[in-house]
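> Submitted below is the structure of interest, expressed as structure tokens.
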């Protein structure tokens with residue numbers, strides 16, 4: 001599991017807001033938001049964010065990072081959080097990608113159906 005996903009799971013699990021983290025760490029709320037959306041941050045920045053967490057919260061973060069598990073519910077939750085924080089341009093781009101994937105998958109399904117019909 002990557003750092004931003006483990007961090008996202010942690011702050012969501014404990015109901016920690018980006019605003020609160022920004023105030024406690026001195027890191028811009030926009031930087032925290034970008035990190036939660038999968039952008040890279042400096043090691044020093046991550047360290048400052050983690051220092052703001054309680055021992056229990058840091059342990060949860062490390063456990064999530066080490067587990068490497070990303071269940072369907074976690075993915076759904078991450079997608080929902082991303083949608084809530086994404087800009088209109090990011091949403092537009094994502095919808096285009098989803099549309100292209102649906103068209104591609106539908107095309108493959110049609111081809112598979114045609115092949116199975118010709119074999120039968």
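In the UniProt record's numbering, the protein residues as written are 1 to 120.
Even for Gly, the Cβ is constructed at its ideal location relative to N, Cα and C.
Since we're looking at a predicted model, the values are computed, not measured.
#1: With burial defined as no fewer than 16 other Cβ atoms inside 10 Å of the residue's Cβ, what is the status of residue 21: buried or exposed?
#2: In angstroms with no decimal places, state the Cα-to-Cα distance between residue 98 and residue 81.
#3: Taking residue 61 and residue 6 to be in contact with their CB atoms under 8 Å, please state how far apart those CB atoms are, rounded to whole angstroms.
#4: Starting from residue 23, trace the alpha helix (DSSP H) both ways and give me its first and last residue.
#5: Using the Cα positions of residue 12 and residue 77, report the straight-line distance between them to the nearest angstrom.
#6: Are residue 58 and residue 50 touching if we call contact CB-CB under 7 Å?
#7: Would you mind stating whether residue 16 and residue 48 have Cβ atoms separated by less than 7 Å?
#8: Count the other CB atoms, across all protein chains shown, that sit within 10 Å of the CB of residue 10; report buried if there are 16 or more and exposed otherwise.
#9: Helix or strand or just coil, what does DSSP make of residue 102?
#10: Taking just the CA atoms, how far does residue 52 sit from residue 25?
#11: Expressed to the nearest angstrom, what Euclidean distance is found between the alpha-carbon atoms of residue 105 and residue 86?
#12: Using the C-alpha atoms, what's the distance from residue 8 back to residue 109?
By the coordinates alone:
#1: For the purposes of this step, residue 21 is taken as residue 21 along the chain shown, with counting starting at 1. Residue 21 should be labelled buried.
#2: Translated into positions along the chain shown, residue 98 becomes position 98. Translated into positions along the chain shown, residue 81 becomes position 81. Cα to Cα, residue 98 sits roughly 17 Å from residue 81.
#3: The sequence position of residue 61 within the chain shown is 61, counting from 1. The sequence position of residue 6 within the chain shown is 6, counting from 1. Yes, they are in contact, since the Cβ atoms of residue 61 and residue 6 sit about 5 Å apart, within 8 Å.
#4: As a first step, residue 23 must be located in the chain shown, where it is residue number 23. Residue range 18-25 is occupied by the alpha helix (DSSP H) that includes residue 23.
#5: Stepping through the chain shown from its first residue, residue 12 is reached at position 12. Stepping through the chain shown from its first residue, residue 77 is reached at position 77. If you draw a straight line from the Cα of residue 12 to the Cα of residue 77, it is about 9 Å long.
#6: Within the chain shown, numbered from 1, the residue matching residue 58 stands at position 58. Within the chain shown, numbered from 1, the residue matching residue 50 stands at position 50. Cβ distance < 7 Å, so residue 58 and residue 50 count as in contact.
#7: What you label residue 16 is simply residue 16 of the chain shown in a count that begins at 1. What you label residue 48 is simply residue 48 of the chain shown in a count that begins at 1. Going by C-beta atoms, residue 16 is not nearer than 7 Å to residue 48.
#8: Indexing the chain shown from 1 puts residue 10 at position 10. Buried, because 16 or more other Cβ atoms sit within 10 Å of the Cβ of residue 10.
#9: Mapped onto the chain shown, residue 102 falls at position 102. Residue 102 falls in the helix class under three-state DSSP.
#10: Here residue 25 refers to the residue found at position 25 of the chain shown. Here residue 52 refers to the residue found at position 52 of the chain shown. About 6 Å.
#11: Within the chain shown, numbered from 1, the residue matching residue 105 stands at position 105. Within the chain shown, numbered from 1, the residue matching residue 86 stands at position 86. Using only the alpha carbons, I get a separation of about 25 Å.
#12: Taking the first residue of the chain shown as position 1, residue 109 is located at position 109. Taking the first residue of the chain shown as position 1, residue 8 is located at position 8. Approximately 35 Å, taken between the alpha carbons.
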